[in-house]
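Below: one structure, written as structure tokens.
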Amino acid sequence: MSTPELWSAVDEYVVDHLVPEAGGLEYVEQASHAAGLPPIAVTPAQGKLLQLLARMQQARAILELGTLGGYSTIWLARALPPDGRLITLEADPRCAEVARANIVRAGLQEMVELRLGPALETLPKLAAEGAGPFDLIFIDADKPNNPAYLEWALNLSRSGTVIVVDNVVRDGKIIDAASPDPDVKGTRRMFELMAREPRLNSTVLQTVGAKGYDGFALAVVR
Ligand code: SAH
Ligand code: DHB
Ligand code: MG
1048 MSTPELWSAV DEYVVDHLVP EAGGLEYVEQ ASHAAGLPPI AVTPAQGKLL
1098 QLLARMQQAR AILELGTLGG YSTIWLARAL PPDGRLITLE ADPRCAEVAR
1148 ANIVRAGLQE MVELRLGPAL ETLPKLAAEG AGPFDLIFID ADKPNNPAYL
1198 EWALNLSRSG TVIVVDNVVR DGKIIDAASP DPDVKGTRRM FELMAREPRL
1248 NSTVLQTVGA KGYDGFALAV VR
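So that you can map any letter, position 220 of the sequence shown is 1267 in the working numbering, and since no number is skipped, the others follow by simple counting.
As structure tokens, then:
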């Protein structure tokens, strides 16, 4: 019988065997917890998945929306070549402070730029600066804005850019068309955009593990 306990036990087995790097990143979760940040970062196995996607993509420029304590940031930045660059957007100054310290501790401060402020204010500035196109864009901030984030991701992409969106399943809540939850509504509107956007070729990878049942939307720009 598949249960959340079994998902967690298998997650632990997978990480023990295939994700030895996770042990060296425990300080990120500890520092985040100590600072009172919520425990909502991707899991170690998911962080590794993001890193492998960035490697498969041979990404040199990565954009992340939603930094929290920098856990997914560090996994992604470690996929970059020495001259690669990651820009991560975070609205909460407390998260940004914790993340900056974690990024320094990871030795990634030269490669990672954290921009403090609501992503919908920073994204137009990035576009005006001529930032991008990014090779991989990870959308993991406030879910009601997911439709707008997908549009911005397209604006900052090229043919071949990979777009990943976190938390698109949420225990299956995503299929509830009558949900009043603004997170569900935002992500459902994002799915509608994704479905009718001719520039995107998309699917969803459902996930179970230490953080329950969820999923990543994966898209490639044509
Ligand atoms: N990617 C992180 C988790 C991000 S949690 C990881 O897996 O390690 C979502 C983050 O988005 C939180 O830190 C939250 O403060 C941030 N956030 C919420 N609204 C935002 C906004 N409008 N702009 C930028 N970041 C936002
Ligand atoms: C939650 C989890 C996430 O990965 C996220 O980006 C935002 C919220 C949550 O479990 O509430
Ligand atoms: Mg998330």
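From the three backbone atoms N, C-alpha and C, an ideal C-beta is built for every residue, glycine too.
Whose beta carbon lies closer than 5 Å to any heavy atom of the ligand DHB, going through the chain in order? Ile1087, Asp1187 and Asn1214
Three-state secondary structure (DSSP) of Ala1138: coil
Any contact of the stretch 1161-1178 with the stretch 1218-1235, i.e. 3+ C-beta pairs under 8 Å? no
How would you write the range of the alpha helix (DSSP H) that Leu1197 sits in, first residue to last? Asn1193 to Asn1202
Quick one: is the Cβ of Val1089 within less than 7 Å of any heavy atom of the ligand MG? Yes - the ligand MG has a heavy atom lying nearer than 7 Å to the Cβ of Val1089.
Taking Cβ to Cβ, would you say Ala1106 is nearer than 8 Å to Asp1182? yes
Own chain partners of Val1062 with C-beta closer than 6 Å, once the 5 adjacent residues on each side are dropped: Ala1069, Pro1091 and Ala1092
Would you mind giving the Cβ-Cβ distance between Ser1079 and Val1145, rounded to the nearest angstrom? I have them listed as a contact below 8 Å. 6 Å
Would you check whether the ligand SAH has a heavy atom nearer than 7 Å to the C-beta of Lys1165? Sequence check: residue 1165 is Pro here, not Lys. Yes, the Cβ of Pro1165 comes within 7 Å of a heavy atom of the ligand SAH.
Between which residues of its own chain and Pro1165 is the CB-CB distance below 7 Å, once the five residues before and five after are set aside? Ala1138
Roughly how many whole angstroms lie between the Cα atoms of Gly1094 and Ser1119? 6 Å
Would the C-beta of Asp1228 count as close to the ligand SAH, meaning under 7 Å from any of its heavy atoms? no
Contact defined as beta carbons within less than 8 Å: I believe Tyr1260 pairs with Val1216. What is the distance between those atoms, to the nearest angstrom? 6 Å
Give the DSSP bridge partners of Leu1247, in chain order. In DSSP, Leu1247 forms a bridge with Val1268.
Integer-rounded CB distance, given that Asp1187 should sit under 8 Å from Leu1112: 6 Å
Please return the same chain residues whose Cβ sits closer than 6 Å to the Cβ of Val1255, not counting the five positions on each side in sequence. Trp1054
Proximity of Leu1123 and Ile1109 at Cβ, strictly below 8 Å: yes
Give me the Cα-Cα distance between Asp1189 and Asp1230, rounded to the nearest whole angstrom. 8 Å
Using 8 Å for Cβ pairs, my map puts Ala1143 next to Leu1170. What's the rounded Cβ distance? That belief does not hold up - the Cβ atoms of Ala1143 and Leu1170 are roughly 16 Å apart, past 8 Å.
Which residue's Cα is closest to the Cα of Ala1200: Val1268, Asn1248 and Val1159? The option with the nearest alpha carbon to Ala1200 is Val1268.
Tell me the residue span of the alpha helix (DSSP H) that contains Leu1065. Pro1051 to Leu1065
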